[in-house]
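> Attaching a single structure in structure tokens format; questions to follow.
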């Protein structure tokens, strides 16, 4: 196939333009990204060679090589790993991330130099970072098992050339034609061997494969001698330390941070490091990290997990489903001693050892989050802002650990405007006689705080949890209690804060006929009408049955494509409100109640709007309201 010129897709061209114009302050990142990609390619070839005898590859000397040429101003990074096919080159390099590209462009455009460099790893565009330092990038690759390689080149001008390469060696070689370097900027001369040694030591010392560079030719000891100088020899630039096999006292925080960035392809610092060595029936070593910053694709279904699985230091897969999905933000390595190298994703789901590892690591991560909450409130606040919504998914999906997750979580409440509260603190503030935990769910804190359902609770100083994340709608029904205290919605069932008929109050008897008439008149919209003591300022509100779906949950199901029937709710009236008392008087004064039907409709509509709900027919309500206002002015 002859050489072909292709245009980058529009989003790729925009990213290239941002790269070329040096939006990143730390240009060193390109080398870390290319070395990391090469390491991944070697991992994949190693496992393919061990599990596929028909592949016919040599895995005895897998390595990464750096070839600087100061005279030609080039740097080549090569590996003898799995390589890429022509289609893979076009797919992986000619385009950018499959999702989140628009968000990436926006963040790149808005970011300052100090924060923009973090976006390389966050959005998985490491290869493009080469255009920060190179005027031209040339790639040659051949996939293991194929006979013809692929050549790719671009100057970052919006197009790239791709061609077949008959004699390409297996693996991938990337050559950068480096941009000119200022004479005063030798520290960033990427054709300089000393600079490269320092960068590998700083960012890639822990890579498990040797990173080699041919040493400079040695000079003869006797300059007058006719003997040829000794041939240069390879030097290995990295120590290849498996950090997870070492005790925490042997590893520095900087080494942990570099390793975290390597496996996560991120640029933030790990918020916490978790090292766990288990011996006995199931032997394994693990090194896990809680990130500081959430990745852009945290809520995307196709997102890979962050756990790299090894068996006796042999790489198996880089997105092993070892931790439950609600801990998908955890990055790290698990090295199991007794698994087969042929382990598949299906086997992982059923393997007894993996299940035991999952249980222990899950508990360890949750307890670490709890420790952050107990001892490092600022770090915990960072964690919760980035991962709290995902962490709470465990309340729905992990019944065994639900109580521990609740204990390690925080929730907004009416107790404080800005600071969330832990449930243990909520319990400590409960007044004498309160034996339940009150909560309310909704689309936002602002809507919840303006809801009429909270009026009586505020008046009596009773704290209510304000739950506005989508997952809150689900877990409150999945987890019935915390430390023996039942969760009770202030918008469901009957709330007995101060019985309406106390001290001889006969409101129920006085309002009985009106309530029955309203129930019949509004039967298409409500299931029944009753009096309430949960209101102090508002005339009416809508509540659900104790085990019914909230309107927000119904909407979530419908938006996800699951049809659910509309649930009628109960209309509750405040008997002490002037509107309700005057309606009762009008009702009792005449046997013809047809003239009160518009008022009944508007009371129901007002209750829907007060809780931030959606009217079934807003145009009809607006027309009715206009008619009522006109009549009041006549």
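Numbering (this note's numbering), first residue to last: 932 to 1565.
Just so it is clear, CB atoms sit at the ideal spot from N, CA and C, and this is done for glycine as well.
Over the uninterrupted beta strand (DSSP E) stretch that includes residue 1365, give me the two end residues.
Residue numbering aside, residue 1365 sits at position 434 when the chain shown is read from its first letter. Careful: residue 1365 lies outside any beta strand (DSSP E) and carries neither H nor E.
> Cutting at 8 Å between CB atoms, please list the residues of its own chain near residue 1486, excluding the five before and the five after it.
Along the chain shown, one-based indexing puts residue 1486 at 555. Taken in chain order, the list of residues that qualify is empty.
> Identify which residue in 1173, 1299 and 1164 has its Cα closest to the Cα of residue 1204.
Counting from 1 along the chain shown, the entry for residue 1204 is found at position 273. Cα-wise, what sits closest to residue 1204 is 1299.
> Can you check the region 1473-1502 for any beta strand (DSSP E) of at least 3 residues that lies completely inside it and give the ranges in chain order?
Listed in chain order, nothing qualifies, since the region 1473-1502 has no complete beta strand (DSSP E) run of 3 or more residues.
> Quick one: Cα of residue 1230 to Cα of residue 1555, how far?
Locating residue 1230 in the chain shown gives position 299, where the first residue counts as 1. Locating residue 1555 in the chain shown gives position 624, where the first residue counts as 1. Rounded to whole angstroms, residue 1230 to residue 1555 spans 43 Å at the Cα level.
> Determine the closest residue to residue 978 out of 1491, 1012, 966 and 963, with distance taken between C-alpha atoms.
On the chain shown, position 47 is the one that residue 978 refers to. Taking only the C-alpha atoms, the option nearest residue 978 is 1012.
> In or out: residue 1366 buried (at least 16 other Cβ within 10 Å) or exposed?
Mapped onto the chain shown, residue 1366 falls at position 435. The residue is exposed, with fewer than 16 neighbouring Cβ atoms inside 10 Å.
> For residue 1278, count neighbouring Cβ atoms within 10 angstroms of its own Cβ and tell me buried if that reaches 16, exposed if not.
Counting from 1 along the chain shown, the entry for residue 1278 is found at position 347. Exposed.
> If distances are taken between C-alpha atoms only, which option among 1371, 985, 1465 and 974 comes closest to residue 1503?
Along the chain shown, read from residue 1 onward, the residue named residue 1503 stands at position 572. For the residues 1371, 985, 1465 and 974, the minimum Cα distance to residue 1503 belongs to 1465.
> Taking C-alpha atoms, which residue in 1003, 976, 986 and 1005 lies nearest to residue 916?
Because the chain spans 932 through 1565 in this model, residue 916 falls outside it and cannot be assessed.
> Quick check: is the beta carbon of residue 1428 nearer than 8 Å to any beta carbon in chain D?
Among the protein chains of the structure shown there is no chain D, as only one such chain exists.
> Please go through the region 1194-1261 and give each complete beta strand (DSSP E) segment of 3 or more residues, from N-terminal end onward.
The region 1194-1261 contains these whole beta strand (DSSP E) runs: 1203-1209, 1215-1221, 1238-1242 and 1245-1248.
> Whole angstroms is fine: what's the gap from residue 1479's alpha carbon to residue 1373's?
Counting from 1 along the chain shown, the entry for residue 1479 is found at position 548. Counting from 1 along the chain shown, the entry for residue 1373 is found at position 442. C-alpha separation (whole angstroms): 15 Å.
> Which of the three DSSP states, helix, strand or coil, is assigned to residue 1413?
As a first step, residue 1413 is located in the chain shown; it is residue number 482 there, counting from the start. Of the three classes helix, strand and coil, the one that applies to residue 1413 here is strand, per DSSP.
> Ignore the nearest five residues each way along the sequence and tell me which others in residue 1108's own chain have a CB closer than 7 Å to its CB.
In the chain shown, the residue the question calls residue 1108 occupies position 177. Correct list, in chain order: 1004, 1005, 1065, 1066 and 1067.
> Our contact map puts residue 1191 next to residue 1266 with C-beta atoms below 8 Å; I'd like the distance itself, whole angstroms only.
Within the chain shown, numbered from 1, the residue matching residue 1191 stands at position 260. Within the chain shown, numbered from 1, the residue matching residue 1266 stands at position 335. With a Cβ gap of about 16 Å, residue 1191 and residue 1266 do not count as contacting.
> Determine the closest residue to residue 1362 out of 1072, 1102 and 1428, with distance taken between C-alpha atoms.
Within the chain shown, residue 1362 is the residue found at index 431, counting from 1. Ranking the options by Cα distance to residue 1362, first place goes to 1428.
> Go through the region 1286-1326 residue by residue and report every complete run of the beta strand (DSSP E) that reaches 3 residues or more, in order.
If we require 3 residues or more, the region 1286-1326 turns out to have no beta strand (DSSP E) run fully inside it.
> Specify whether the region 1120-1137 and the region 1088-1098 touch according to this definition: at least 3 beta carbon pairs, one from each stretch, less than 8 Å apart.
The region 1120-1137, when compared against the region 1088-1098, does not touch it at the 8 Å Cβ threshold.
> To the nearest angstrom, how far is the alpha carbon of residue 1084 from that of residue 1280?
Working through the chain shown from its first residue, we reach residue 1084 at position 153. Working through the chain shown from its first residue, we reach residue 1280 at position 349. Straight-line Cα distance between these residues: approximately 42 Å.
> If you measure between the beta carbons of residue 1264 and residue 1175, is that distance less than 8 Å?
By one-based count along the chain shown, residue 1264 stands at place 333. By one-based count along the chain shown, residue 1175 stands at place 244. Contact flag set, yes.
> Measuring only the C-alpha atoms, how far is residue 1460 from residue 1539?
In the chain shown, residue 1460 corresponds to position 529, counting from 1. In the chain shown, residue 1539 corresponds to position 608, counting from 1. Looking at the two C-alpha atoms, the distance is approximately 14 Å.
> With DSSP as the reference, label residue 1132 as helix, strand or coil.
If you number the chain shown from 1, residue 1132 lands on position 201. Helix, per DSSP.
> Within 10 angstroms of its Cβ, does residue 1493 collect 16 or more other Cβ (buried), or is it exposed?
Here the question's residue 1493 lines up with position 562 in the chain shown. So residue 1493 counts as exposed.
> Note the first and the last residue of the continuous beta strand (DSSP E) segment covering residue 1553.
Translated into the one-based positions of the chain shown, residue 1553 becomes position 622. From DSSP, residue 1553 is part of no beta strand (DSSP E) but of the alpha helix (DSSP H) over 1549-1564.
> Beta-carbon separation of residue 1510 and residue 1518 under 8 Å?
For the purposes of this step, residue 1510 is taken as residue 579 along the chain shown, with counting starting at 1. For the purposes of this step, residue 1518 is taken as residue 587 along the chain shown, with counting starting at 1. Against a cut-off of 8 Å, the Cβ pair of residue 1518 and residue 1510 comes out as no contact.
> What does a CB cutoff of less than 6 Å around residue 1333 pick up in its chain, not counting 5 residues either side in sequence?
On the chain shown, position 402 is the one that residue 1333 refers to. The residues are 1326 and 1410.
> For the alpha helix (DSSP H) holding residue 1529, just list the boundary residues, first then last.
Position 598 of the chain shown, counted from the start, is the residue given in the question as residue 1529. Per DSSP, residue 1529 belongs to the alpha helix (DSSP H) from 1528-1541.
> Return the residue from the list 1253, 1208 and 1164 that minimises the CA-CA distance to residue 1285.
Numbered from 1 along the chain shown, position 354 holds the residue referred to as residue 1285. Looking at the Cα atoms, 1253 is the closest of the given residues.
> Our contact map puts residue 1293 next to residue 1258 with C-beta atoms below 8 Å; I'd like the distance itself, whole angstroms only.
The residue you call residue 1293 lines up with position 362 of the chain shown. The residue you call residue 1258 lines up with position 327 of the chain shown. Right, their Cβ atoms sit about 7 Å apart.
> Taking 8 Å as the cut-off, does the region 1165-1174 touch the region 1130-1143 (at least 3 CB pairs, one atom from each stretch)?
Yes, they touch.
> Can you name, in chain order, every residue of its own chain whose Cβ lies under 7 Å from the Cβ of residue 1114, other than the five neighbours on each side?
On the chain shown, residue 1114 is found 183 positions in, with the first residue counted as 1. Confidence in residue 1114 is poor, its pLDDT being 48 and thus under 50, which makes the residue's placement too unreliable to answer from.
> Helix or strand or just coil, what does DSSP make of residue 1546?
Locating residue 1546 in the chain shown gives position 615, counting from the first residue. Coil.
> When the Cα atoms are used, what is the spatial distance from residue 988 to residue 1283?
If you number the chain shown from 1, residue 988 lands on position 57. If you number the chain shown from 1, residue 1283 lands on position 352. Looking at the two C-alpha atoms, the distance is approximately 32 Å.
> Have a look at 1470, 1533, 965 and 964 and flag the residue whose alpha-carbon is nearest the alpha-carbon of residue 1550.
Mapped onto the chain shown, residue 1550 falls at position 619. Residue 1550 has its Cα closest to that of 1533, out of 1470, 1533, 965 and 964.
> Distance, Cα to Cα, residue 1297 vs residue 1207?
On the chain shown, residue 1297 is found 366 positions in, with the first residue counted as 1. On the chain shown, residue 1207 is found 276 positions in, with the first residue counted as 1. Cα-Cα distance, rounded: 14 Å.
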